[in-house]
Amino acid sequence: MRCPTDGAELVMAERQGVEIDYCPSCRGIWLDRGELDKILDRAAGTPAPAAADAGPAAAPGGYPPPPGYDGYREPGYRDDGGYRDPGYREPGYR
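Residue numbers (the numbering used here): 305 to 398.
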């Protein structure tokens, strides 16, 4: 049987009595009729493992936020909208 995604030959593996076809190149997994039901039935019979307390979640990128940063700009930050041309603003605008 060929992979529908990339055409590579599928490899069959048996896991806990369920035959699973997988593609070694794209790592896609395909199940025959009834195999997903077997997997779901077995998963429902076993309790889910308890999640370990990992502590506070890290910031995106794995770096903690800088100290004292609350997500807002520092006081005195002036946003000119990215325009450097002083003539862009209307007269009398401050």
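Glycine included, C-beta positions come from ideal geometry on N, C-alpha and C.
Status (buried if at least 16 other CB within 10 Å, exposed otherwise) for residue i
| i | result |
| --- | --- |
| C330 | exposed |
Cβ pair residue i, residue j closer than 7 Å
| i | j | result |
| --- | --- | --- |
| K342 | V322 | yes |
| C327 | A312 | yes |
| W334 | D325 | yes |
| G410 | T309 | Residue 410 lies beyond the range of the chain shown here (305 to 398); nothing can be said about it. |
Residue i, enclosing alpha helix (DSSP H) - first and last residue
| i | result |
| --- | --- |
| L344 | E339 to G349 |
Opening and closing residue of the beta strand (DSSP E) in which residue i lies
| i | result |
| --- | --- |
| L335 | I333 to L335 |
Beta bridge counterpart(s) of residue i as assigned by DSSP
| i | result |
| --- | --- |
| D325 | M316 and W334 |
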